[in-house]
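Q: Just passing along the structure, written as structure tokens.
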Amino acid sequence: MRNKHIFLFIVAFLSTYCFCFSQDLIKAPSALTNWIDTQFIKSLDSLHIPGATITLVHGDSIIHCKGYGLADIEKKIPVSDSTLFGVASISKTFVGVSIMKLYEQGKLSLDKDINNYLTSIKVDYDYGRPITISNLLTHTAGIDESNLANRVKTEKEFVPLAQFLRDRLPPQIRLSGEVLSYSNYGYALLGLIIEDISGLTFDEYVRQNILRPLEMNRSSFKRQSIYQKDYAKSYTLKDDVLFAYSKGFPLQYPAVSLDASSSAMSNYISMLLKNGKYEGKIILDSVTVSKMFTSAFKHYEKAQNGWMYGFYEDYWKGLRIVQHDGDIDGFASTLVLIPEKELGMFIAINASSLTDKTNRHFIQKFVKNILNKIFPKHSNSAIDNKKPQIGSVVKPLKSFSGAYRHSRYANSSVEKLGLFIGIVPEIDIGLINDSILVLGNNERLIPISNLTFFAEKQAKYVAFKENEDGDISYFFSDNQSFHKLKWFETIDFHLWMIVTIVLVFIIFIFGCLIRQFFIIKRQMHILGKINFTITFLSLLFLTTLGLVLLRTDPNDFVYGVPFILKVSLLIPPVIIALVIWSFYLLIRTVLKKKMDFWNLNYLVNLMAILFIIWLGFWNLIGLNY
Numbered sequence: 068m069r070n071k072h073i074f075l076f077i078v079a080f081l082s083t084y085c086f087c088f089s090q091d092l093i094k095a096p097s098a099l100t101n102w103i104d105t106q107f108i109k110s111l112d113s114l115h116i117p118g119a120t121i122t123l124v125h126g127d128s129i130i131h132c133k134g135y136g137l138a139d140i141e142k143k144i145p146v147s148d149s150t151l152f153g154v155a156s157i158s159k160t161f162v163g164v165s166i167m168k169l170y171e172q173g174k175l176s177l178d179k180d181i182n183n184y185l186t187s188i189k190v191d192y193d194y195g196r197p198i199t200i201s202n203l204l205t206h207t208a209g210i211d212e213s214n215l216a217n218r219v220k221t222e223k224e225f226v227p228l229a230q231f232l233r234d235r236l237p238p239q240i241r242l243s244g245e246v247l248s249y250s251n252y253g254y255a256l257l258g259l260i261i262e263d264i265s266g267l268t269f270d271e272y273v274r275q276n277i278l279r280p281l282e283m284n285r286s287s288f289k290r291q292s293i294y295q296k297d298y299a300k301s302y303t304l305k306d307d308v309l310f311a312y313s314k315g316f317p318l319q320y321p322a323v324s325l326d327a328s329s330s331a332m333s334n335y336i337s338m339l340l341k342n343g344k345y346e347g348k349i350i351l352d353s354v355t356v357s358k359m360f361t362s363a364f365k366h367y368e369k370a371q372n373g374w375m376y377g378f379y380e381d382y383w384k385g386l387r388i389v390q391h392d393g394d395i396d397g398f399a400s401t402l403v404l405i406p407e408k409e410l411g412m413f414i415a416i417n418a419s420s421l422t423d424k425t426n427r428h429f430i431q432k433f434v435k436n437i438l439n440k441i442f443p444k445h446s447n448s449a450i451d452n453k454k455p456q457i458g459s460v461v462k463p464l465k466s467f468s469g470a471y472r473h474s475r476y477a478n479s480s481v482e483k484l485g486l487f488i489g490i491v492p493e494i495d496i497g498l499i500n501d502s503i504l505v506l507g508n509n510e511r512l513i514p515i516s517n518l519t520f521f522a523e524k525q526a527k528y529v530a531f532k533e534n535e536d537g538d539i540s541y542f543f544s545d546n547q548s549f550h551k552l553k554w555f556e557t558i559d560f561h562l563w564m565i566v567t568i569v570l571v572f573i574i575f576i577f578g579c580l581i582r583q584f585f586i587i588k589r590q591m592h593i594l595g596k597i598n599f600t601i602t603f604l605s606l607l608f609l610t611t612l613g614l615v616l617l618r619t620d621p622n623d624f625v626y627g628v629p630f631i632l633k634v635s636l637l638i639p640p641v642i643i644a645l646v647i648w649s650f651y652l653l654i655r656t657v658l659k660k661k662m663d664f665w666n667l668n669y670l671v672n673l674m675a676i677l678f679i680i681w682l683g684f685w686n687l688i689g690l691n692y
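Going by this note's numbering, the sequence shown opens with residue 68, and the numbers climb by one from there.
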């Protein structure tokens with residue numbers, strides 16, 4: 068008993084020591100602020116970042132709030148703590164706060180059909196189960212991904228949220244509440260629900276109920292001309308040269324469009340850390356904030372991280388982090404809250420790229436480094452990542468092997484073609500020497516129980532999911548979901564398929580030309596003429612498609628599909644009509660025994676049918692844009 072008391076005393080002493088150490092650093096922050104200055108000044112120069120801003124908040128006290136570098140390179144305007152940065156998807160946390168405010172007022176239920184609250188549009192459910200507000204908040208509504216035509220270049224082209232969603236909302240492609248797949252459209256729908264319930268536009272509702280009470284008067288979801296000089300420009304790095312992004316206007320604006328300064332975000336962070344209160348004003352009830360910060364969705368029981376209402380959770384050395392990141396048009400940002408320590412920070416930079424993650428990695432590394440600086444003695448006791456004992460799972464290990472693709476990509480539009488350039492991660496899981504391995508990084512998965520495994524290198528639990536037929540359909544790693552591909556869904560299969568089709572078409576065209584002009588010199592049979600036209604139009608379409616994709620900046624597709632691509636999409640219906648005609652003539656010719664078995668028209672007709680199947684798989688039949 069005495070030993071137990073000694074042990075508890077030691078634990079209490081060490082905990083107090085660690086807490087006091089971090090508290091002293093926060094209360095006398097000169098060393099910390101000097102360290103932050105050094106980190107940002109050094110990194111901005113080495114990573115070609117024009118400007119950055121940061122605020123560090125403890126409770127309702129601002130420890131450090133400062134800007135670095137330039138907000139506008141051409142005009143040499145420096146960044147200050149009042150410079151307005153695009154916070155991108157951190158905007159979703161404001162959507163979450165707005166929804167939870169309506170929830171605590173009794174104006175909506177988180178678990179009811181969203182069509183109960185939508186009056187301007189109605190959402191179709193293709194899988195029987197309705198979508199709830201909780202589904203939208205946790206990205207589990209099952210709505211397809213789309214980045215086509217979701218913004219305009221001028222403010223005059225901007226359309227109301229209801230009109231945009233009525234015209235552009237992607238279909239539901241999976242059952243709601245099953246799989247987390249990050250969705251800007253889901254949060255745009257939440258914005259519309261706020262409009263339909265409150266009678267205000269979304270931006271006005273947020274202004275009246277969140278921004279003004281928090282004294283974030285210059286922050287807004289729509290640009291205010293009066294503060295035009297305070298907006299930071301954003302840049303992308305190409306060949307060591309920074310190019311400014313042209314400002315666009317996202318039509319799904321509740322999800323991505325807030326502009327805010329670090330000083331304004333300090334007030335927002337303080338409100339969240341103080342359980343919904345700011346300067347005596349109650350933005351949210353403490354019970355509501357607690358509910359907002361509770362994990363609402365996890366893919367599997369042992370998942371470390373889950374998704375909350377507007378935020379996701381992460382852990383650093385056992386400390387629970389409430390967080391959201393943002394990336395849009397050259398801006399990269401992060402919002403990090405540690406409610407247990409009443410600590411929060413906001414960071415934004417104005418040079419980034421979705422393809423080159425260097426600057427995003429800088430932000431992630433900085434967050435870890437500053438936490439180590441503030442809590443140098445903090446242990447990792449809260450989460451046990453030790454390698455567990457090997458158990459057994461309910462299915463043969465072979466059933467888990469296969470190719471898996473990240474679930475967030477466009478399934479129902481021509482945007483699906485982006486899979487060919489690797490915009491979505493894919494992994495291969497294989498069975499080698501009675502062990503399940505993620506082959507790309509040689510990650511061994513140790514069976515634990517049911518459909519749960521332990522990933523050795525990452526020291527974390529992962530899991531698989533069955534479909535209604537009992538087949539493995541998903542691989543989950545915390546908030547990341549990968550769906551298992553059938554053999555005919557892999558990129559390799561479709562590359563081989565289209566290469567084979569093109570080769571046969573080219574051989575047929577050259578064969579027809581050689582036969583017509585150099586060998587027999589006679590009138591081509593009508594079947595041959597039709598097949599020649601089919602192969603020519605098919606190659607013309609593929610050539611046009613390839614040139615459009617190669618010559619168009621991927622970022623331009625957010626403004627819509629290029630005109631030449633729209634015109635070229637009129638070709639596939641013509642090809643289908645010709646293939647039907649050709650197939651009819653082929654059957655007649657065969658029945659009349661007028662064509663020998665080795666005639667190339669047989670193969671061309673087969674390839675033409677496969678080509679139509681290929682076009683359908685990639686949403687190239689019809690105007691799917």
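All C-beta atoms in this analysis are idealised placements derived from N, C-alpha and C, irrespective of residue type, glycine included.
In the structure shown, what three-state DSSP assignment does Gln239 receive?
A: Of the three classes helix, strand and coil, the one that applies to Gln239 here is strand, per DSSP.
Q: Alpha carbons only, please: which of Phe560, His125, Gly136 and Lys168 is nearest the one belonging to Lys105?
A: Note on residue identity: the sequence assigns Thr, not Lys, to residue 105. Comparing Cα-Cα distances from Thr105 to each of Phe560, His125, Gly136 and Lys168, the minimum goes to Gly136.
Q: Go to Ser544, then tell me how far its beta strand (DSSP E) extends in each direction, as first and last residue.
A: Per DSSP, Ser544 belongs to the beta strand (DSSP E) from Ile539 to Ser544.
Q: Any contact between the region 664 to 681 and the region 563 to 573? By contact I mean 3 or more CB pairs, one from each, below 8 Å.
A: A contact exists between the region 664 to 681 and the region 563 to 573.
Q: Within 10 Å of its beta-carbon, does His361 have 16 or more other beta-carbons around it, so buried, or fewer, so exposed?
A: First, the amino acid is wrong: residue 361 is Thr here, not His. Exposed, by the Cβ-count rule.
Q: So, with DSSP's three-state summary, where would you put Leu552?
A: If DSSP states are grouped into helix, strand and coil, Leu552 belongs with coil.
Q: In three-state terms, what does DSSP make of Gln525?
A: Residue state, collapsed to three classes: coil.
Q: Below 8 Å on the Cβ atoms is my contact criterion, and I expect Gly411 with Ser400 to pass it. Report the Cβ-Cβ distance as a whole number of Å.
A: Not a contact, Cβ separation roughly 13 Å.
Q: Quick check on the burial criterion: 16 or more other C-beta atoms within 10 angstroms. Buried or exposed for His391?
A: Classification for His391: buried.
Q: So, is Gly689 buried or exposed, given that buried needs 16 or more other C-beta atoms within 10 angstroms?
A: Flag for Gly689 reads exposed.
Q: From the DSSP output, which residues share a beta bridge with Phe531?
A: Bridge partners of Phe531: Phe542.
Q: Leaving out the 5 sequence neighbours to the left and right, which residues in its chain are closer than 7 Å to Leu677 when beta-carbon positions are compared?
A: Closer than 7 Å at Cβ, skipping near neighbours: Met564 and Ile568.
Q: In whole angstroms, give me the CA-to-CA distance for Val657 and Lys551.
A: Using only the alpha carbons, I get a separation of about 42 Å.
Q: Go through its chain and collect everything with a Cβ distance to Gly258's Cβ below 7 Å, but skip five positions before and after it.
A: These residues qualify, in order along the chain: Val162, Leu228, Phe269 and Pro321.
Q: Report yes if the C-beta distance between Thr122 and Val146 is below 8 Å; otherwise report no.
A: Contact flag unset, no.
Q: Would you list the one or two residues that DSSP bridges to Gly136?
A: According to DSSP, Gly136 bridges with Gly118.
Q: Alpha carbon to alpha carbon, what distance is there between Trp374 and Leu498?
A: If I take the Cα positions, the gap works out to 31 Å.
Q: Considering only the alpha carbon of each residue, which of Gln172, Arg235 and Pro117 lies closest to Gly627?
A: Looking at the Cα atoms, Arg235 is the closest of the given residues.
Q: Please name the residue in Gly507, Phe608 and Ile116 whose C-alpha comes closest to that of Val308.
A: Out of Gly507, Phe608 and Ile116, Ile116 has the C-alpha closest to the C-alpha of Val308.
Q: Tell me which same chain residues have a C-beta within less than 7 Å of the C-beta of Arg69, skipping the five on either side of it?
A: Low per-residue confidence applies at Arg69: pLDDT is 43, beneath 50, and the placement is therefore not dependable, though the value from the model is reported in the following sentence. Excluding sequence neighbours, Arg69 sits near nothing in its chain.
Q: In this structure, what does DSSP give as the bridge partners for Gly469?
A: According to DSSP, which records beta bridges pairwise, Gly469 is partnered with Ile496.
Q: So, for Lys300: in the same chain, excluding its five sequence neighbours on each side, which residues have a beta-carbon less than 7 Å away from its beta-carbon?
A: If we look at Lys300 and ignore the five residues flanking it on each side, its Cβ neighbours are Ala138, Asp139, Ala311 and Asn417.
Q: Got a sec? Which residues, its chain only, sit under 6 Å from Glu510 by beta carbon, not counting five neighbours each side?
A: These residues qualify, in order along the chain: Ala522 and Lys524.
Q: Pick out the complete beta strand (DSSP E) segments inside the region 354 to 390, 3 residues or longer, and give them in chain order.
A: Fully enclosed beta strand (DSSP E) runs of 3 or longer: 379 to 383.
Q: Mark Ile679 as exposed unless 16 or more other C-beta atoms lie within 10 angstroms of its C-beta, in which case mark it buried.
A: Ile679 is buried by the Cβ-count criterion.
Q: Can you say whether Thr221 is buried or exposed, counting buried as having 16 or more other CB atoms within 10 angstroms of its CB?
A: Exposed, by the Cβ-count rule.
Q: Per DSSP, which one or two residues make a beta bridge with Ser292?
A: Per DSSP, none; premise fails for Ser292.
Q: Check the C-beta distance from Thr205 over to Ala363 and give it rounded, since I have them as a contact under 8 Å.
A: Indeed they touch by this definition, with Cβ atoms about 5 Å apart.
Q: Taking only the alpha-carbon atoms, compute the straight-line gap between Ala675 and Ala470 and give it to the nearest angstrom.
A: Those two C-alpha atoms are separated by around 28 Å.
Q: With a threshold of 16 other CB atoms inside 10 Å of the CB of Leu562, please say whether the residue is buried or exposed.
A: Label assigned to Leu562: exposed.
Q: Does DSSP put Gln547 in a helix, in a strand, or in coil?
A: Three-state DSSP puts Gln547 in a strand.
Q: Would Leu673 be called buried (16 or more neighbouring beta carbons within 10 Å of its own) or exposed?
A: It is exposed - the Cβ of Leu673 has fewer than 16 other Cβ atoms within 10 Å.
Q: Nearest-angstrom Cα distance between Lys454 and Ala526?
A: Lys454 and Ala526: Cα-Cα distance of roughly 7 Å.
Q: Tell me the rounded alpha-carbon separation between Gly343 and Asn686.
A: Spanning the two alpha carbons is a distance of roughly 47 Å.
Q: State yes or no: is the C-beta of Phe398 within less than 8 Å of the C-beta of Phe152?
A: Their beta carbons are under 8 Å apart, which means Phe398 touches Phe152 by this criterion.
Q: If I follow the unbroken beta strand (DSSP E) through Thr401, where does it start and stop?
A: Looking at the DSSP string, the run of the beta strand (DSSP E) that includes Thr401 is Phe398 to Ile405.
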